[in-house]
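As structure tokens, the structure follows; a few thoughts come after it.
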Amino acid sequence: MWAASCLASCCAACACDACRTVVSGISRKSARIAYCGLFALSLIVSWILREVAAPLMEKLPWINQFHKTPDREWFETDAVLRVSLGNFLFFTILAIMMIRVKNQRDPRDGIHHGGWMMKIICWCLLVIFMFFLPNEIISFYESISKFGSGFFLLIQVVLLLDFVHGWNDKWAGYDEQFWYIALFVVSLVCYVAAFAFSGVLFHFFTPSGHDCGLNTFFIVVTLIFAFLFAVVALHPAVNGSILPAAVISLYCMYLCYSGLASEPRDYECNGLHAHSKAVSTGTLTLGLVTTVLSVVYSAVRAGSSTTLLSPPSSPRAGKPLLPLDNKAEEEEEKEKSKTVTYSYSFFHIIFSLASMYSAMILTGWSTSVGESGRLVDVGWPSVWVRIVTGWATAALYIWSLAAPILFPEREF
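Per the numbering used here, residue 84 is the first one in the sequence shown, and the count goes up by one each step.
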């Protein structure tokens with residue numbers, strides 16, 4: 084007993100020393116990656132509790148207050164939602180604290196980039212405290228998480244549009260034949276992949292002998308969008324480029340696949356139903372990895388996007404039209420070095436919304452997880468969220484092309 088106690092103390096001391104070492108190694112430049120790491124940790128904790136916490140939660144009277152104990156899946160979903168709520172509150176509090184931080188001289192800049200040991204402790208306490216809240220609060224959070232997840236997907240779409248247009252402008256800006264050929268080749272590959280992907284969708288999700296009109300409608304509408312993107316982009320009045328149209332077409336086709344793959348496994352038009360047991364763990368892993376990558380991408384883009392994320396005072400806002408004298412230039416550079424390059428508040432909002440989205444991924448977008456067994460991200464709510472997100476992507480892309488023509492006096 085004494086030896087076990089000593090071993091436990093040594094392990095705890097080593098863990099604390101390891102945490103201090105990691106925290107002390109987080110610099111100003113790596114702060115955003117540290118936030119991504121903390122978010123990834125929350126997903127791992129959610130995954131673990133989803134698998135092991137149900138027997139313990141059944142014994143908590145303020146959680147299991149039912150006359151008849153629910154199925155194990157209900158407690159698994161509840162555990163994920165409680166961790167997600169703690170994560171959501173943590174990043175939301177930071178987002179509120181960082182409102183209107185414009186330069187590095189603001190004391191809140193130090194809070195954003197430092198104090199990691201305290202942040203980790205606060206995050207742990209928030210997550211633990213969530214398991215003492217009544218079920219009604221968790222149920223309300225689950226309801227609003229569906230809307231928050233939709234906002235997160237829309238933010239991903241806006242960032243993708245910003246990235247694709249920037250990619251096209253950069254290659255076209257070289258004004259060399261090689262880069263024009265590269266644009267054409269990448270565009271052709273994306274369009275070929277999109278149409279080949281549509282053939283795969285018709286094969287798996289519109290099997291012969293079944294009435295699969297809804298799936299056919301989803302795929303055909305996505306194909307129509309792909310043709311429409313090319314027509315609008317190449318119209319003389321728009322004077323656009325085929326690369327953004329091709330990339331967005333491929334992305335919309337992927338969203339269509341993602342939605343169809345989320346259909347219930349017992350649905351006759353879902354060609355993946357024969358592999359339901361085999362894809363359970365794989366779907367969970369893929370969903371978590373995709374979510375982490377999406378959040379990391381959003382976090383990185385938060386420091387470079389000029390259309391959505393950078394504050395008005397950011398040095399990326401533009402350069403003066405008239406040259407300045409050397410002294411003025413030095414003063415300007417000095418001031419720029421103190422100006423934040425992205426919105427700290429919006430940066431944390433991304434993680435708040437991603438916390439909701441990850442909870443929906445792990446619970447299948449509903450507390451009725453028994454409908455889909457132990458499979459993850461399966462059910463009609465997930466289907467419609469993905470399909471509607473694809474339609475929203477199409478609408479936003481067409482709007483990005485048409486808006487400068489419809490409103491020439493405004494800057495887009």
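For each residue, glycine too, the CB sits at the ideal point set by N, CA and C.
Beta-bridge partners of asparagine 170, as assigned by DSSP
According to DSSP, asparagine 170 bridges with nothing at all.
How is the alpha helix (DSSP H) around asparagine 186 delimited, first residue to last?
No alpha helix (DSSP H) contains asparagine 186, which DSSP labels as neither H nor E.
Is it right to say asparagine 322 is buried, meaning 16 or more other beta carbons lie within 10 angstroms of its own, or is it exposed?
exposed
Would you report the Cα separation of aspartate 189 and phenylalanine 288, rounded to the nearest angstrom?
55 Å
If I follow the unbroken alpha helix (DSSP H) through leucine 317, where does it start and stop?
Premise fails: leucine 317 is in no alpha helix (DSSP H) and is neither H nor E.
Output the distance between the C-alpha atoms of valine 452 and asparagine 170, rounded to the nearest integer angstrom.
Caution is warranted here: a pLDDT of 40 is assigned to valine 452, below 50, making its placement in the model unreliable, and the coordinate value is therefore given only provisionally. Distance between the alpha carbons of valine 452 and asparagine 170: 22 Å.
Taking the alpha helix (DSSP H) that tryptophan 145 falls in, what are its first and last residues?
Per DSSP, tryptophan 145 belongs to no alpha helix (DSSP H) and is neither H nor E.
Below 8 Å, can you find three or more Cβ-Cβ pairs linking the stretch 252-269 to the stretch 289-298?
no
When the Cα atoms are used, what is the spatial distance from isoleucine 307 to isoleucine 470?
14 Å
Looking only at its chain, what residues have a beta carbon closer than 7 Å to the beta carbon of tyrosine 334, apart from the 5 residues adjacent to it on each side?
Leu243 and Thr476
Can you give the beta carbon distance from serine 441 to leucine 126, rounded, assuming they're within the 8 Å contact cut?
6 Å
Strand pairing of threonine 422, partner residues [DSSP]:
Asn186
I need the boundaries of the alpha helix (DSSP H) containing methionine 201, first residue and last residue.
199-213
Nearest to proline 153 by alpha carbon, out of Tyr274, Asn218, His196 and Cys207?
Asn218
Sorted by chain position, which residues of the same chain lie with C-beta nearer than 8 Å to histidine 498's C-beta, five sequence neighbours on each side aside?
Outside the modelled stretch of the chain, which goes from 84 to 495, sits residue 498, for which no answer is possible.
I'd like the list of long-range same chain contacts for leucine 338, defined as Cβ closer than 6 Å, with 5 residues on each side in sequence excluded.
Arg469, Thr472 and Gly473
Going straight from the alpha carbon of asparagine 186 to that of isoleucine 116, what length do you get?
21 Å
Contacts around phenylalanine 432, its chain only, beta-carbon distance under 6 Å, and the 5 residues preceding and following it disregarded
The identity of residue 432 in the sequence shown is isoleucine, whereas the question assumes phenylalanine. If we look at isoleucine 432 and ignore the five residues flanking it on each side, its Cβ neighbours are Ala178.
Would you tell me roughly how many angstroms separate the C-alpha atoms of aspartate 245 and threonine 305, rounded to the nearest one?
The C-alpha of threonine 305 is placed about 21 Å away from the C-alpha of aspartate 245.
Sequence-distant residues of the same chain with beta carbon closer than 6 Å to alanine 136, five excluded per side
Ala162
Roughly how many whole angstroms lie between the Cα atoms of histidine 196 and isoleucine 203?
13 Å
Would a C-beta distance cut-off of 9 Å place leucine 284 and leucine 343 closer than the cut-off?
yes
Beta-carbon within less than 7 Å of serine 435's beta-carbon, same chain only, minus the 5 sequence neighbours each way: which residues are those?
Phe171, Phe174, Thr175 and Ala178
What is the DSSP secondary structure of alanine 411, counted as helix, strand or coil?
Confidence in alanine 411 is poor, its pLDDT being 48 and thus under 50, which makes the residue's placement unreliable; the coordinate value appears in the next sentence. Here alanine 411 sits in helix by DSSP.
Between which residues of its own chain and glutamate 346 is the CB-CB distance below 6 Å, once the five residues before and five after are set aside?
Asn353 and Val466
Cα-Cα separation, glutamine 148 to glutamate 159
16 Å
Nearest-angstrom Cα separation, counted from glutamate 134 out to tyrosine 480:
So the alpha carbons of these two residues sit roughly 40 Å apart.
Under a Cβ-count criterion, where at least 16 other Cβ atoms within 10 Å of its own Cβ denotes burial, should valine 210 be classed as buried or exposed?
buried
Since serine 113 and methionine 443 are thought to touch, with beta carbons under 8 Å apart, how far apart are those beta carbons, to the nearest angstrom?
Methionine 443 and serine 113 do not touch by the CB rule: their CB atoms are close to 29 Å apart, not below 8 Å.
According to the neighbour-count rule (16 or more other Cβ atoms, all chains shown, within 10 Å of its Cβ), is arginine 183 buried or exposed?
exposed
Could you tell me whether the Cβ atoms of serine 332 and isoleucine 302 are closer together than 9 Å?
no
Would you tell me roughly how many angstroms separate the C-alpha atoms of lysine 151 and glutamate 141, rounded to the nearest one?
Rounded to whole angstroms, the separation of the alpha carbons of glutamate 141 and lysine 151 is 11 Å.
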